[in-house]
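Participant: Numbering (this note's numbering), first residue to last: 107 to 345.
(1) What does a CB cutoff of less than 6 Å around residue 245 pick up in its chain, not counting 5 residues either side in sequence?
(2) Residue 277 bridges to which residues according to DSSP?
(3) Is the CB-CB distance between residue 254 and residue 276 below 8 Å?
(4) Tell me the DSSP secondary structure of residue 117 in three-state form.
(5) So if DSSP puts residue 256 in a beta bridge, which residue, or which two residues, is it bridged to?
(6) Roughly how many angstroms separate the alpha carbons of residue 177 and residue 290, rounded to a whole number?
(7) Within 8 Å (strictly less), CB to CB, does residue 152 reach chain C?
(8) Evaluate the contact criterion for the stretch 211–225 versus the stretch 185–192: three or more CB pairs, one atom per stretch, below 8 Å.
(9) Return the chain-ordered list of same chain residues with a C-beta closer than 6 Å to the C-beta of residue 282, the five sequence neighbours on each side being excluded.
(10) Taking Cβ positions, are residue 219 and residue 180 nearer each other than 8 Å?
(11) Please return the same chain residues whose Cβ sits closer than 7 Å to the Cβ of residue 167, not counting the five positions on each side in sequence.
(12) In whole angstroms, what is the alpha-carbon distance linking residue 299 and residue 217?
(13) Report buried or exposed for residue 130, applying the criterion of at least 16 other Cβ atoms within 10 angstroms of its Cβ.
(14) From the DSSP output, which residues share a beta bridge with residue 312?
(15) Would you kindly work out how many angstroms separate the C-alpha atoms of residue 126 and residue 109, rounded to a whole number?
(16) Start and end of the alpha helix (DSSP H) containing residue 343?
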């Protein structure tokens with residue numbers, strides 16, 4: 107039988123307080139790169155053309171938009187195969203097949219850009235975390251030029267769920283089912299208000315956020331300068 111030892115109260119022997127040991131953990135390389143990139147984007151001066159991708163659609167409107175887009179999901183390979191098999195059976199039995207045109211979202215950068223240029227797109231949805239950002243950098247300006255409502259949302263993976271892919275950089279709607287015109291008009295109004303007609307987004311610079319350590323150093327430096335100026339004033343008054 108082991109006896110319980112008495113807790114020592116001598117200075118330097120007691121149990122140490124809990125510390126944050128996260129800085130001693132060796133994280134995977136990908137996570138380290140992501141964190142360094144995030145800090146660099148906060149510190150550096152970001153031009154308005156890139157900074158506008160940090161301004162995303164509010165959460166409530168974004169959730170409503172994705173619920174609406176789920177009605178126009180793309181076909182997966184299995185669904186397409188099943189549909190074609192059913193059509194083949196009907197064709198074999200009756201000799202004719204009347205297949206209805208299914209309205210779905212259009213995805214892919216080339217496809218969406220072509221639709222915007224031809225003014226066939228009615229609503230454009232762009233992901234905010236595209237890398238490299240140069241791929242979609244021209245899309246907001248092109249949408250404004252053609253008068254097509256666009257919005258920037260989080261994120262590539264969410265857009266990918268609608269397109270039945272892992273990720274998607276941009277989606278667009280060219281048409282909607284009967285009865286959904288009001289919903290489409292509602293989203294176009296929101297997009298025009300938040301993005302197309304919002305001039306502040308296109309003028310606002312980003313970045314230049316200092317760390318807590320830098321802010322403290324600046325505060326100490328400013329305080330020292332104020333004391334020095336006060337001393338100079340006192341000396342000049344005496345003279």
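Even glycine gets a Cβ: it sits at the ideal position worked out from N, Cα and C.
Facilitator: Concretely, from the data shown:
(1) The residue labelled residue 245 in the question sits at position 139 within the chain shown. Cβ neighbours of residue 245 beyond the five flanking positions: 232.
(2) The sequence position of residue 277 within the chain shown is 171, counting from 1. BP columns for residue 277 point to 213 and 231.
(3) On the chain shown, position 148 is the one that residue 254 refers to. On the chain shown, position 170 is the one that residue 276 refers to. Cβ atoms of residue 254 and residue 276: not closer than 8 Å.
(4) The count along the chain shown starts at 1 and reaches residue 117 at position 11. Here residue 117 sits in coil by DSSP.
(5) Against the chain shown, residue 256 aligns to sequence position 150. Looking at the DSSP assignment, residue 256 forms a beta bridge with 230.
(6) Locating residue 177 in the chain shown gives position 71, where the first residue counts as 1. Locating residue 290 in the chain shown gives position 184, where the first residue counts as 1. So the two alpha carbons sit approximately 12 Å from each other.
(7) Given the protein chain composition of this structure (a single chain), no chain C is represented.
(8) no
(9) In the chain shown, residue 282 corresponds to position 176, counting from 1. For residue 282, where only same-chain residues beyond five positions count, the Cβ hits under 6 Å are 290.
(10) Translated into positions along the chain shown, residue 219 becomes position 113. Translated into positions along the chain shown, residue 180 becomes position 74. Not closer than 8 Å, so no.
(11) Working through the chain shown from its first residue, we reach residue 167 at position 61. If we look at residue 167 and ignore the five residues flanking it on each side, its Cβ neighbours are 296.
(12) Within the chain shown, residue 299 is the residue found at index 193, counting from 1. Within the chain shown, residue 217 is the residue found at index 111, counting from 1. Cα-Cα distance, rounded: 26 Å.
(13) As a working note, residue 130 is residue 24 in the chain shown. Burial is judged here by how many other beta carbons sit within 10 angstroms of a residue's own beta carbon; residue 130 has fewer than 16 and is exposed.
(14) Residue mapping note: residue 312 aligns to position 206 of the chain shown, counting from 1. The partner list for residue 312 (beta bridge, DSSP) reads 152.
(15) In the chain shown, residue 126 corresponds to position 20, counting from 1. In the chain shown, residue 109 corresponds to position 3, counting from 1. Roughly 33 Å separates the two Cα atoms.
(16) Against the chain shown, residue 343 aligns to sequence position 237. First-last of the alpha helix (DSSP H) with residue 343: 318–344.
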